[in-house]
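Participant: I have a structure I would like to understand better, so I am pasting it below and will then ask my questions one at a time.
Protein chains: 2
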Amino acid sequence: MTGTGGRSALPTLDQVAVLAGVSRATVSRVINESPRVSPEAREAVQTAVAQLRYVPNRMARSLVTRRTDTIALVLSESNTQIFSDPFFASIVRGISGSLADTDLNLVLLAARGKREQEKTGRYVLHGHVDGVILMSLHSDDLLPGILADAGVPLVLSGRPLDGRAVSYVDADNAGGARAATEHLLDRGRVRIATITGPLDMIAGIDRYAGYRSAMVAAGLDVEPELVVQGDFTEAGGFHAMSDLLDRRRDLDAVFVASDTMAVGALRALRAAGRRVPEDVAIVGFDDAAAASACDPPLTTVAQPLEDMTRLMTELLVRQIEGAADGIETEVCATRLVRRMSS
Amino acid sequence: MTGTGGRSALPTLDQVAVLAGVSRATVSRVINESPRVSPEAREAVQTAVAQLRYVPNRMARSLVTRRTDTIALVLSESNTQIFSDPFFASIVRGISGSLADTDLNLVLLAARGKREQEKTGRYVLHGHVDGVILMSLHSDDLLPGILADAGVPLVLSGRPLDGRAVSYVDADNAGGARAATEHLLDRGRVRIATITGPLDMIAGIDRYAGYRSAMVAAGLDVEPELVVQGDFTEAGGFHAMSDLLDRRRDLDAVFVASDTMAVGALRALRAAGRRVPEDVAIVGFDDAAAASACDPPLTTVAQPLEDMTRLMTELLVRQIEGAADGIETEVCATRLVRRMSS
DNA sequence: GGGGGTCGTGGAAACGTTTCCATACCGCTA
DNA sequence: TAGCGGTATGGAAACGTTTCCACGACCCCC
Chain A
2 MTGTGGRSAL
12 PTLDQVAVLA
22 GVSRATVSRV
32 INESPRVSPE
42 AREAVQTAVA
52 QLRYVPNRMA
62 RSLVTRRTDT
72 IALVLSESNT
82 QIFSDPFFAS
92 IVRGISGSLA
102 DTDLNLVLLA
112 ARGKREQEKT
122 GRYVLHGHVD
132 GVILMSLHSD
142 DLLPGILADA
152 GVPLVLSGRP
162 LDGRAVSYVD
172 ADNAGGARAA
182 TEHLLDRGRV
192 RIATITGPLD
202 MIAGIDRYAG
212 YRSAMVAAGL
222 DVEPELVVQG
232 DFTEAGGFHA
242 MSDLLDRRRD
252 LDAVFVASDT
262 MAVGALRALR
272 AAGRRVPEDV
282 AIVGFDDAAA
292 ASACDPPLTT
302 VAQPLEDMTR
312 LMTELLVRQI
322 EGAADGIETE
332 VCATRLVRRM
342 SS
Chain B
2 MTGTGGRSAL
12 PTLDQVAVLA
22 GVSRATVSRV
32 INESPRVSPE
42 AREAVQTAVA
52 QLRYVPNRMA
62 RSLVTRRTDT
72 IALVLSESNT
82 QIFSDPFFAS
92 IVRGISGSLA
102 DTDLNLVLLA
112 ARGKREQEKT
122 GRYVLHGHVD
132 GVILMSLHSD
142 DLLPGILADA
152 GVPLVLSGRP
162 LDGRAVSYVD
172 ADNAGGARAA
182 TEHLLDRGRV
192 RIATITGPLD
202 MIAGIDRYAG
212 YRSAMVAAGL
222 DVEPELVVQG
232 DFTEAGGFHA
242 MSDLLDRRRD
252 LDAVFVASDT
262 MAVGALRALR
272 AAGRRVPEDV
282 AIVGFDDAAA
292 ASACDPPLTT
302 VAQPLEDMTR
312 LMTELLVRQI
322 EGAADGIETE
332 VCATRLVRRM
342 SS
């Protein structure tokens, strides 16, 4: 009857206590590394724990401590396309990195569509996690509202679209885009197009605004013909660039709001027989791995991802521990990385 | 003192009971939709619940029911590259789809590196989830062992590398690869190369084996020169194809073990001035979105992803409910999708 | 040699549910 | 009218922890 791998009768604190010849309270103290316990008792408990293969029941613990030691990274998107974004992978890596030597766990929750957003909201409200980092990208998202109203510790990745008062960490998207565009201007380019991100995402909006402000500051018109909206995918970048080339044969530079799109744009340029950077200079955004790998290597705007993810977890932990004094927001400076494409 | 969004004093069952003028037990029955409760009592409880904005505490519930109503999809990888795989996105979408109208929640756990694998193992063993679907791709993974030994309900996505006795769902990778290769043979191709996946992943191994068996059955040698190992990325496919073209100028077809790589290979072929399919025919694997979008559209091997994800959740739920009779495995047939590239 | 301090320990109350069991009440039939 | 099966309800015991509190042992110093 043994060896079936059944998890029917997990050992409890009591059993450990009996085996070690001490009380439940003492076992609990050993488990939680309280200093108030004699070496002998500690020793006895530890061997008993090992012998029984005791693992604390987190539910019971959470019930009394009111903490789960888990935080959620919620991806609120209408489709699952976000997964293919290398930017997202970096965020996940960064966050789990900064959690590595805490005893906090990270879970990912994917909420696409209204139904799943509600389900995810319920999950969080039910107390499964202590706090949430929310990547909410589009304007019609229910979750920021649900979670903020419920008073769940919450940090947004990216400035909220609706100006809601909530903690967030963001890159200086507008500043980075402005710097990228100014860089192209410095290189003597004058007919500078842009491939924007989706304009219902804050990153899309802010990067476009940065481009505009640099153009206006340089006394140049932003002609509608020079602006085409992309979707942060490589195929989207390809099509957008092809469109631009059809519209304006004379453009001499393009600021692309993400590296992924820029790679597609690069392909379109090559297909059209334009040389980069001689005929058309190009600057991307994100400093993704692809940016340095492609041909020619891409000038791009780097975000301090490591800082940003660290800040997100710090802000969140402070909220969870009740040490946060109100809303905190951080906007991180970006950095232009010059390579061969401009 | 209100309106601070504090979650300090959440309402409990007792408070609902008092407000509704019934006992805790009755409230619990209403919450859990037991039929044994009078319409009046039900009504009273429901208004009380609404008025207090009562949300059950899942920890307390889990403590007694010993269920969390949560399952985990664990991504055990050495890097986070897996996120960029569209195959993975489809799996996530499929699983959360089949869970949509159950009251099961899905969490994603990313475990890259030994340290995070152990942390994830602990998380599961602590009882945070009822069961696990594990995408473990490389041979040095600790998690299948940890979880299987602990008797946690477990389903693997993909046949285990070490032949361990554990439930899994997989596509017939070898069969699909064989069919793809036979298709190329049927088209009269004879110098058929292959770009394999990583050969420490089961999908890589099995697809390569399928290619070999088709070649051998056709009485053809599998020359080492015709085989190059890829890594399931587009850049990898590009390089692998370039290598192949350097080695053997006379090859007339290539079976590529994933569509993502095939897209890269297609680029390499174009760069080398080879026409597809006239000079070189190409077949991919996965039927990813990119396969139908690229130029020319890619002949590929489709996996019944929807069936597979449904089976994974079914197998897992059966295990969780104790209705599973031992190990169950499912191998799903693949289907050749003919397009223009062959 | 007694009083105050520390320190290790155990008892027991909480945490918020579910669920078993007993009870009270209802309308029947015999 | 007594008895009976059925149904809605409430009381209370679990579930496995943490943590407050009290208690005794010990040491040190006056």
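Those protein sequences? They're chains A and B, same order as listed.
When we follow the numbering used here, the leftmost residue of the first sequence carries the number 2, and every step to the right adds one.
When we follow the numbering used here, the leftmost residue of the second sequence carries the number 2, and every step to the right adds one.
For glycine and all other residues, C-beta sits at the position ideal for the given N, C-alpha and C.
Because the structure is a prediction, the values reported are computed rather than measured.
(1) Compare the C-alpha of residue 328 of chain A against each of A:299, A:340, A:154 and name the closest.
(2) Within 10 angstroms of the Cβ of residue 174 of chain A, are there 16 or more other Cβ atoms? Answer buried if so, exposed if not.
(3) Kindly give me the distance between the Cβ atoms of residue 249 of chain A and residue 192 of chain A, rounded to whole angstroms, as I take these residues to be in contact under 8 Å.
(4) Work out the CA separation of residue 121 of chain B and residue 46 of chain A for me, nearest whole Å.
(5) Per DSSP, which residues does residue 174 of chain B bridge with? Please list them.
(6) Do the region 260–267 of chain B and the region 229–246 of chain B touch if we need at least three Cβ pairs shorter than 8 Å?
(7) Could you check what DSSP says for residue 239 of chain B in three-state terms: helix, strand or coil?
(8) On the three-pair Cβ rule with 8 Å, is the region 123–137 of chain A touching the region 141–159 of chain B?
(9) Pick helix, strand or coil for residue 89 of chain A, following the three-state DSSP scheme.
(10) When the Cα atoms are used, what is the spatial distance from residue 179 of chain B to residue 330 of chain B?
(11) Output the boundary residues of the alpha helix (DSSP H) element that contains residue 262 of chain A.
(12) Quickly, what does DSSP pair residue 132 of chain A with across the bridge? List them, please.
(13) Can you tell me which of A:247, A:200, A:293 puts its alpha carbon nearest to the alpha carbon of residue 275 of chain A?
(14) What are the boundary residues of the alpha helix (DSSP H) that residue 203 of chain A is part of?
(15) Looking only at its chain, what residues have a beta carbon closer than 7 Å to the beta carbon of residue 226 of chain B, apart from the 5 residues adjacent to it on each side?
(16) Quick one: what does DSSP say residue 124 of chain A is sitting in, helix, strand or coil?
(17) Establish whether the CB of residue 240 of chain A and some CB of chain B are separated by less than 8 Å.
(18) Under a three-way DSSP split, which group does residue 110 of chain B fall into?
(19) Buried or exposed: where does residue 33 of chain B fall if 16 or more other Cβ atoms within 10 Å of its Cβ makes it buried?
(20) Does the distance from the C-beta atom of residue 256 of chain B to that of residue 185 of chain B stay below 8 Å?
(21) In this structure, what does DSSP give as the bridge partners for residue 156 of chain B?
(22) Look up residue 337 of chain B in the DSSP assignment and give the residues it is bridged to.
(23) Can you have a look at residue 1 of chain B and say buried or exposed, based on whether 16 or more other CB atoms are within 10 angstroms of its CB?
(24) Residue 402 of chain B touches chain A at which residues, Cβ-Cβ below 7 Å?
(25) For residue 195 of chain B, name the three-state secondary structure that DSSP assigns.
(26) Under a CB-based cut-off of 8 Å, is residue 101 of chain B close to chain A?
(27) Report the three-state DSSP secondary structure of residue 328 of chain B (helix, strand or coil).
(28) Excluding the five sequence neighbours on either side, which residues of its own chain have a C-beta within less than 6 Å of the C-beta of residue 214 of chain A, listed in chain order?
(29) Under 7 Å Cβ-Cβ, which residues of chain A neighbour residue 185 of chain B?
(30) Just the C-alpha distance for residue 277 of chain A and residue 254 of chain A, rounded to the nearest angstrom, thanks.
(31) Just list the residues that DSSP pairs residue 169 of chain A with in beta bridges.
(32) Please return the same chain residues whose Cβ sits closer than 8 Å to the Cβ of residue 335 of chain A, not counting the five positions on each side in sequence.
(33) The beta strand (DSSP E) that contains residue 284 of chain A, what's its start and end?
(34) Applying a beta-carbon distance threshold of less than 8 Å, which residues of chain B neighbour residue 109 of chain A?
(35) Looking only at its own chain, which residues have a Cβ that is under 6 Å from the Cβ of residue 280 of chain A, when we skip the five neighbours before and after it?
Facilitator: Considering the structure as presented:
(1) A:154
(2) buried
(3) 7 Å
(4) 25 Å
(5) Answer is none; residue 174 of chain B lacks a bridge partner.
(6) yes
(7) helix
(8) no
(9) helix
(10) 21 Å
(11) 260–272
(12) A:72
(13) A:247
(14) 203–218
(15) 248, 249
(16) helix
(17) no
(18) strand
(19) exposed
(20) yes
(21) B:134
(22) B:302
(23) Residue 1 of chain B lies beyond the range of chain B shown here (2 to 343); nothing can be said about it.
(24) Because chain B here runs from 2 to 343, residue 402 of chain B falls outside it and cannot be looked at.
(25) strand
(26) yes
(27) coil
(28) 179
(29) Within chain A, no residue comes near residue 185 of chain B; the closest Cβ sits about 27 Å away, beyond 7 Å.
(30) 9 Å
(31) A:157, A:330
(32) 172, 173, 174, 176, 177, 180, 302, 303, 304, 305
(33) 282–284
(34) 108, 109, 110, 111
(35) none
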